[in-house]
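In the working numbering, the protein residues as written are 280 to 674.
The structure is reproduced here in structure tokens:
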């Protein structure tokens, strides 16, 4: 007989949707698009594999509504020029065995790679490794409807939900940050102004998809940068979001701005941001998902049992063991996380990205533990995809 515990009780979302358990494969940039914004057979296999492994829902990372502001050349692009059949096939593949499949609504803003687009954010940035223009007011005011249009397309093509990406230093996160948002109009200055775009986007997305479709949000607990969004302001944002029709708030942290430390590569043990989630629970009744640092079933159990967190976001653990939910449910051991003798900057993330590719290709082993080789591999993939991206989108 299977063992059950809090991790494997259903989660009822505010929209009435019931997730079969509390484990969600959190959004990652899987680099499996075809370089033209279209889902691939490898991507379909990947999300089917995770669904077969017992996950309640998976989130496809960084799906763009426009090719103008991608996060990377492997991103998907969902708009009126997209291959609808390929997206429907992806939705069908990722929804087997009672799993949900959600699309993360992305916009890189000032972090748009210069070989793929023209970086633009809330304010002009002129740094040695980062330059971006400021979006004009009309461009800012058009963004909520743009996110909403992508969300509606996701619903029409068979996906179960969307996640609005307002974390990790991408566009909506940039607007929330007092460090990167220096606007003097209604979208800059006070916290209320800086979160205006986020609130307008949440409202527009909900209005576009109706009350029965899952709308979640990924939010930083802190940018981890001096002068950036801090925990006190993040809690105030969550308190305001409590008045919206969100179904889930995914708590994360950190940014991908040049020189900023990556939360995913931190050396501390145990889940990240758990204390923040405890504080957030006091100011909202919206279900909370915590992503980052979960390596053991004991930690995941404790987070749910503590009452502050309603769902656990798993990323790297699901790469190491795509059937981890099933294995945890039947009492099997935790995944073994690799130890790298030498870590090139960004190499650990590159290694996990390469491991995602192995799952997608049905390989039965993980890549060699060489972060330099993983970086070389990733740069090669990006180079090939970038050529396709520029050709497809006339860059």
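Using N, Cα and C, we set each Cβ at its ideal position, and we do this for glycine too.
Remember, it's a predicted structure, so these values are computed and weren't measured experimentally.
(message) So, at 7 Å on beta carbons, what are the nonlocal neighbours of residue 325 in its own chain, with the 5 sequence-adjacent residues on each side left out?
(response) Position 46 of the chain shown, counted from the first residue, corresponds to residue 325. Contacts found: 309, 311, 635, 638, 639.
(message) In this structure, how does DSSP classify residue 628 when only helix, strand and coil are distinguished?
(response) As a first step, residue 628 must be located in the chain shown, where it is residue number 349. DSSP places residue 628 in helix when its eight states are reduced to three.
(message) Does residue 281 come out as helix, strand or coil in the three-state DSSP assignment?
(response) Translated into positions along the chain shown, residue 281 becomes position 2. Its pLDDT being 39, under 50, residue 281 is placed unreliably by the model, and the measurement read from it follows with that caveat. It is coil, neither helix nor strand.
(request) Run through the stretch 407-475 for me and flag every whole alpha helix (DSSP H) of 4 or more residues, listed as ranges in chain order. (result) Counting only runs that start and end inside the stretch 407-475, the alpha helix (DSSP H) elements of at least 4 residues fall at 416-435, 450-455, 470-473.
(message) I'd like to know if the stretch 452-465 and the stretch 494-511 are in contact, where contact means that at least 3 CB-CB pairs between them fall below 8 Å.
(response) Taking 8 Å as the limit for Cβ pairs, the verdict is that the stretch 494-511 does touch the stretch 452-465.
(request) Name the one or two DSSP bridge partners that residue 531 has. (result) By 1-based counting over the chain shown, the position of residue 531 is 252. Residue 531 is bridged by DSSP to 499.
(request) Could you pull the start and end residues of the beta strand (DSSP E) that residue 379 belongs to? (result) On the chain shown, position 100 is the one that residue 379 refers to. If you look at residue 379, you'll find it in the beta strand (DSSP E) that goes 379-385.
(request) Would you check whether the ligand NAD has a heavy atom nearer than 8 Å to the C-beta of residue 597? (result) Because no ligand of any kind appears in the structure shown, any question about the ligand NAD cannot be addressed here.
(request) From the DSSP output, read off the bridge partner residues of residue 404. (result) As a first step, residue 404 is located in the chain shown; it is residue number 125 there, counting from the start. According to DSSP, residue 404 bridges with 411.
(request) Assuming residue 382 contacts residue 356 (C-beta within less than 8 Å), just tell me the rounded distance between them. (result) Taking the chain shown and counting its residues from 1, one reaches residue 382 at position 103. Taking the chain shown and counting its residues from 1, one reaches residue 356 at position 77. At roughly 11 Å, the Cβ-Cβ gap does not stay under 8 Å, so residue 382 and residue 356 are not in contact.
(message) So, at 6 Å on beta carbons, what are the nonlocal neighbours of residue 315 in its own chain, with the 5 sequence-adjacent residues on each side left out?
(response) Walking along the chain shown from the start, residue 315 turns up at place 36. Cβ within range, chain order: 667, 671.
(request) Starting from the Cα of residue 598, find the closest Cα among 575, 563, 645 and give me that residue. (result) On the chain shown, residue 598 is found 319 positions in, with the first residue counted as 1. Looking at the Cα atoms, 645 is the closest of the given residues.
(message) Given this structure, state the Cα-to-Cα distance separating residue 447 from residue 594, to the nearest angstrom.
(response) Against the chain shown, residue 447 aligns to sequence position 168. Against the chain shown, residue 594 aligns to sequence position 315. The straight-line gap from Cα to Cα measures roughly 15 Å.
(message) For residue 756, count the other beta carbons within 10 Å of its own beta carbon; 16 or more makes it buried, fewer makes it exposed. Which is it?
(response) The structure shown does not extend to residue 756, since the chain is modelled only from 280 to 674, so the question has no answer here.
(message) Counting beta carbon pairs with one atom in the stretch 328-347 and one in the stretch 618-635, are three or more of them shorter than 8 Å?
(response) Verdict: no, contact absent.
(message) Taking a contact to mean a Cβ-Cβ separation below 9 Å, would you say residue 289 touches residue 565 in this structure?
(response) Here residue 289 corresponds to residue number 10 of the chain shown, with the count starting at 1. Here residue 565 corresponds to residue number 286 of the chain shown, with the count starting at 1. For residue 289 and residue 565, no; Cβs fall outside 9 Å.
(request) Name the two residues that bound the continuous beta strand (DSSP E) containing residue 564. (result) What you label residue 564 is simply residue 285 of the chain shown in a count that begins at 1. Careful: residue 564 lies outside any beta strand (DSSP E) and carries neither H nor E.
(request) Could you have a look at residue 508 and say whether DSSP puts it in helix, strand or coil? (result) As a position in the chain shown, residue 508 is number 229, starting the count at 1. Of the three classes helix, strand and coil, the one that applies to residue 508 here is coil, per DSSP.
(message) Helix, strand or coil for residue 665? Go by DSSP, reduced to three states.
(response) Along the chain shown, one-based indexing puts residue 665 at 386. If DSSP states are grouped into helix, strand and coil, residue 665 belongs with the helices.
(message) Quick check on the burial criterion: 16 or more other C-beta atoms within 10 angstroms. Buried or exposed for residue 664?
(response) Within the chain shown, residue 664 is the residue found at index 385, counting from 1. Around the Cβ of residue 664, a 10 Å sphere holds 16 or more other Cβ atoms; the residue is buried.
(request) Note down, one range per segment and in chain order, each beta strand (DSSP E) of at least 3 residues found wholly within the stretch 560-617. (result) The stretch 560-617 contains these whole beta strand (DSSP E) runs: 567-570, 590-593.
(message) Quick check: the Cα distance between residue 583 and residue 576, rounded to an integer number of angstroms?
(response) For the purposes of this step, residue 583 is taken as the residue at position 304 of the chain shown. For the purposes of this step, residue 576 is taken as the residue at position 297 of the chain shown. Between residue 583 and residue 576, the alpha-carbon positions lie close to 11 Å from each other.
(message) List, from N- to C-terminal side, the alpha helix (DSSP H) runs of 4 residues or more that fit wholly inside the stretch 285-313.
(response) List check, alpha helix (DSSP H) in window: nothing returned.
(request) Report buried or exposed for residue 651, applying the criterion of at least 16 other Cβ atoms within 10 angstroms of its Cβ. (result) Counted from its first residue, the chain shown places residue 651 at position 372. Exposed: under 16 other Cβ atoms inside 10 Å.
(request) For residue 405, count neighbouring C-beta atoms within 10 Å of its own C-beta (all shown protein chains included) and say buried if the count is 16 or more, exposed if not. (result) In the chain shown, the residue the question calls residue 405 occupies position 126. Flag for residue 405 reads exposed.
(message) Using CA atoms only, rank isn't needed, just tell me which of 348, 295, 392, 286 is closest to residue 537.
(response) As a position in the chain shown, residue 537 is number 258, starting the count at 1. Nearest option by C-alpha distance: 392.
(message) How far does the alpha helix (DSSP H) with residue 322 in it extend, from its first residue to its last?
(response) The residue you call residue 322 lines up with position 43 of the chain shown. Per DSSP, residue 322 is one residue of the alpha helix (DSSP H) stretching across 320-331.
(request) Inspect the CB distances between the stretch 424-441 and the stretch 488-495 and report whether three or more fall short of 8 Å. (result) Enough Cβ pairs lie closer than 8 Å, so yes.
(message) What does the Cβ neighbour count give for residue 305, buried or exposed, with the cut at 16 atoms within 10 Å?
(response) If you number the chain shown from 1, residue 305 lands on position 26. With 16 or more other Cβ atoms within 10 Å, it is buried.
(request) Could you check the C-alpha separation between residue 331 and residue 379 for me, to the nearest Å? (result) Within the chain shown, the letter at position 52 stands for residue 331. Within the chain shown, the letter at position 100 stands for residue 379. Using only the alpha carbons, I get a separation of about 11 Å.
(request) Run the CB neighbour count on residue 467, radius 10 Å, all protein chains shown included, and call it buried at 16 or more, exposed below. (result) Looking up residue 467 in the chain shown gives position 188. Buried.
(message) Out of 522, 669, 348, 443, which one is the CA nearest neighbour of residue 529?
(response) Counting from one through the chain shown, the residue named residue 529 turns up at place 250. Residue 443 holds the alpha-carbon nearest to the alpha-carbon of residue 529 among 522, 669, 348, 443.
(request) Rounded to whole angstroms, what's the CA-CA distance from residue 611 to residue 415? Just pull it up for me. (result) Taking the chain shown and counting its residues from 1, one reaches residue 611 at position 332. Taking the chain shown and counting its residues from 1, one reaches residue 415 at position 136. Cα-Cα distance, rounded: 54 Å.
(request) Count the other C-beta atoms from every protein chain shown that fall within 10 angstroms of the C-beta of residue 386, then say buried if there are 16 or more, exposed otherwise. (result) Taking the first residue of the chain shown as position 1, residue 386 is located at position 107. By the neighbour-count rule (16 or more Cβ atoms within 10 Å), residue 386 is buried.
(request) Name the two residues that bound the continuous alpha helix (DSSP H) containing residue 336. (result) Working through the chain shown from its first residue, we reach residue 336 at position 57. Boundaries around residue 336 are those of the beta strand (DSSP E), 336-343, since no alpha helix (DSSP H) includes it.
(message) How far does the alpha helix (DSSP H) with residue 246 in it extend, from its first residue to its last?
(response) Only positions 280 to 674 of the chain appear in this structure, which leaves residue 246 out of reach.
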